[in-house]
Every structure is written in C-alpha cells, then in structure tokens.
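I have placed the structure first, in the form of structure tokens, so that the comments after it can refer back to it.
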Amino acid sequence: MASFPTIFSPVLVSMRPFLSSKAFLIPACVLGIWKLLHRINLHLSTRSLNNFQTDKSWDWTKEIVLITGGSNGIGAEIVRRLSDRGVAVVIWDIASPPAELLGECRSKRSSVQYYHVDVTSEESILSAARQVRADLGDPSILINNAGIAIAENIVEENIQHRKLQFEINVFAQMRLVQEFLPAMVKRNHGHIVTMASASSFISTTQLVTYASTKAAIMAFHEGVAQELRMRYNARRVRTTIVFPHYVRTDMVKKLTTLHDFPELLLEPEYVADQVVKQVLSGDAGRLILPPSNSWLTYLRALPPWYMYRIHSMDPDVYKPRA
Numbered sequence: 001m002a003s004f005p006t007i008f009s010p011v012l013v014s015m016r017p018f019l020s021s022k023a024f025l026i027p028a029c030v031l032g033i034w035k036l037l038h039r040i041n042l043h044l045s046t047r048s049l050n051n052f053q054t055d056k057s058w059d060w061t062k063e064i065v066l067i068t069g070g071s072n073g074i075g076a077e078i079v080r081r082l083s084d085r086g087v088a089v090v091i092w093d094i095a096s097p098p099a100e101l102l103g104e105c106r107s108k109r110s111s112v113q114y115y116h117v118d119v120t121s122e123e124s125i126l127s128a129a130r131q132v133r134a135d136l137g138d139p140s141i142l143i144n145n146a147g148i149a150i151a152e153n154i155v156e157e158n159i160q161h162r163k164l165q166f167e168i169n170v171f172a173q174m175r176l177v178q179e180f181l182p183a184m185v186k187r188n189h190g191h192i193v194t195m196a197s198a199s200s201f202i203s204t205t206q207l208v209t210y211a212s213t214k215a216a217i218m219a220f221h222e223g224v225a226q227e228l229r230m231r232y233n234a235r236r237v238r239t240t241i242v243f244p245h246y247v248r249t250d251m252v253k254k255l256t257t258l259h260d261f262p263e264l265l266l267e268p269e270y271v272a273d274q275v276v277k278q279v280l281s282g283d284a285g286r287l288i289l290p291p292s293n294s295w296l297t298y299l300r301a302l303p304p305w306y307m308y309r310i311h312s313m314d315p316d317v318y319k320p321r322a
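Numbering-wise, the sequence shown is residues 1 to 322 according to the UniProt record's numbering.
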C-alpha cells in the first residue's frame, strides 16, 4: 500500500535517527514500565482496601450519613454536598448549624436533621444515638469529622487542653465507631470515614498533642479495618481515612499564621468534594490531600538527619496569633 506524504512527514523524517536510537528507546521504555507499574499499584491498592470485594448494594435514597462537627467548616460543606445528592444526613455538633445551611438543604427537600451532641459525654452520645435510631434507623455511614487543635508548648500546656484534644480527636471517634459499627457488621454494609491530618505522619512544634491525637486515630482506623476483615468477616464494610493539609477553617485561623499565606491552605470545599466523592463511590479509600503530599507517607523511612532538616523548617509558622 502506497504511503502519502503529510505535513508531518519532514518532522518524522528528521526525528527518525532519534526514534530508532537507544538514547530515546531506553528512557521511553523505562517511562512506559513505570506508568504500567504505577497503574498496577493503584489498582491493587484500591482492591485491597476493599478486601477485593465489590458492593453493589448502595442505595442513596436509603442510606443515612451521620457526621460529627457538621455545623461549620469542612463538615458543613460535606453536609451541603450530600444534601445536593438527596442523601439523608444527621448532624451531631455542640453548635447549631447556621440557619442558612439548614434552609438551603431543606429547600432541596433533602433530609437533614441536627442533634445537639457533646461527643465528649457518654450520656449525650447514648441519648442522641437512641433518638437517631428512633427517628431514622441505624446510620450506614459514619463520618468522624469533629476535631480540635490547641497550639501550646509541651511544658506550658494546660492539662485540660490536652485532655480535650484526646477526648474529641480520639476517644469520641473510638466511641462512635463502637456505637454504630455493630449494625454495619450485621448487614455487612456500611462506611466509616476518619478525618485524620497530615500531622498523623509528622509532629510539629507547638502542635505535639494535636499530632499525637492524629497519629493515634490513624492507628485506630487501620486496626478497625483489620478487625472488620479478620475478626468480623464484614469485608464489605468500607473504611476511608483522610489526611488533609491545613484547611482554611476557623480552627486553623486561631492556630497559626498560615492564613497570611493563602497558597498554603486548602479550601474546605475542596476537601468536602473529595470526601463526598469517595463516600458516593461506595469504596474504601486513603485520601492524602492534596495528592502532591503523598510523599508524607514515606517520612518515617527517611534518615534522622533529613528529618532534622524538615523539623527545622519554618519555626514561626506555628506561632499562635495574638
């Protein structure tokens, strides 16, 4: 079959020596193999997080999402997005949601109910859990979003502040999983979402207690996923953990000077988009936000001298605002 010249023919002719040379072929092969391995790695990671099982039983007209800390910040944005999709949402928070948020959700005829709950109180949790079950039934999705951070040096740290951070960031999440997981295990259907932090991987000056809570909740989350598989044989109960960098919320504004540098902060809307996308996928996940921060997972493998350099960066970033 005859070939016909095109406008690209001169370019292809001039490139022929390079295309046929080892100088081009070796890097091209290496790049191709790397991309293939990357795709295989992503596929295996996703499948293993889901215990190599697919769950087609998600029905978003019947699922019930319970989210803690849903009245503001990331939580409120998650509520908005789930409401947009007609998913029933239960908000547990010590603060009432803005009337604007509830009005916006109800105007879409979506079910959004607020319960005043102090997640550090056993009595408050038990009372609200009974009421939710009576009103709606057992939640099929639990988003442990409530959190607190207080910046203090270790020596001067208020012991009550330390206890409060562990009570909200760790013990409350553990208690809520214990409360709502049995129904998910019984149905072999559900989803636990844990809001961790980039601080789960690295501790920082003046945020040592906060980082400790986030490292603890990461360990707890991984243990829950393992027990679902190894002890309860509930392999279709999904678990997702989220590791966001600093987010533009009231908590972060009170904490640091980072809000003077907007390019370093994530927007609550972005984090909410990623969380809701993962929940609606019906799959388990491990979200590092932004994805460019994925290198954080390798920090513990770095030599001490390099970790020293990282810990010495930007010592004033975590200085509390006056």
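Glycine included, C-beta positions come from ideal geometry on N, C-alpha and C.
Just so we're clear, the structure is a prediction, and the values are computed from it rather than from any experiment.
Three-way DSSP call (helix, strand, coil) for residue i in this model
| i | result |
| --- | --- |
| H259 | Bear in mind that a pLDDT of 46 at H259, under 50, signals an unreliable position, so the model cannot answer this. |
| W34 | helix |
| H189 | coil |
| A149 | coil |
| L266 | strand |
| Y232 | coil |
| S312 | coil |
| Q131 | helix |
| Q206 | coil |
| V224 | helix |
| F201 | coil |
| P303 | coil |
| residue 327 | Beyond the ends of the chain as shown, which are 1 and 322, falls residue 327; an answer cannot be given. |
| I154 | coil |
| R85 | coil |
| L136 | coil |
| V317 | With a pLDDT of 48 at V317, under the threshold of 50, the modelled position of this residue cannot be trusted; read the value that follows with caution. Of the three classes helix, strand and coil, the one that applies to V317 here is coil, per DSSP. |
| A322 | Its pLDDT being 47, under 50, A322 is placed unreliably in this model, and the value from its coordinates should be taken loosely. Of the three classes helix, strand and coil, the one that applies to A322 here is coil, per DSSP. |
Short Cβ contact (8 Å threshold) for residue i with residue j
| i | j | result |
| --- | --- | --- |
| V237 | I78 | no |
| N169 | G69 | no |
| I148 | Q165 | yes |
| G282 | D55 | yes |
| I91 | P98 | no |
| L280 | R47 | no |
| K62 | S83 | no |
| H116 | I94 | yes |
| V247 | L265 | yes |
| V112 | L66 | no |
| A272 | R81 | yes |
| R235 | Q53 | yes |
| residue 336 | R286 | The structure shown does not extend to residue 336, since the chain is modelled only from 1 to 322, so the question has no answer here. |
| N51 | R231 | no |
| T240 | Q274 | no |
| G73 | P304 | no |
Nearest-angstrom beta carbon gap, residue j and residue i [assumed within contact, 8 Å]
| i | j | result |
| --- | --- | --- |
| T204 | R162 | So it is not a contact: roughly 16 Å between Cβ atoms. |
| A196 | I217 | 6 Å |
| S140 | G75 | Not confirmed; about 18 Å, so no contact. |
| T120 | A172 | 6 Å |
| L142 | V193 | 7 Å |
| I159 | L296 | Not a contact, Cβ separation roughly 30 Å. |
| P290 | H245 | 7 Å |
| D138 | A183 | 4 Å |
| A225 | E179 | Actually they do not touch by this definition, with Cβ atoms about 18 Å apart. |
| S124 | D118 | 4 Å |
| Q206 | E152 | 6 Å |
Opposing strand residues paired with residue i [DSSP bridges]
| i | result |
| --- | --- |
| P244 | L289 |
| R238 | H191 |
| W92 | T68 and Y115 |
| L142 | L66 and I192 |
Below-8 Å beta-carbon distance, residue i vs any chain D residue
| i | result |
| --- | --- |
| Y308 | The chain inventory of the structure shown lacks chain D, comprising one protein chain alone. |
- Counting only runs of 4+ residues fully inside the stretch 98-128, write out the alpha helix (DSSP H) ranges in chain order. 99-107
- Sequence ranges, alpha helix (DSSP H) only - wholly within the stretch 38-62, length at least 4: none
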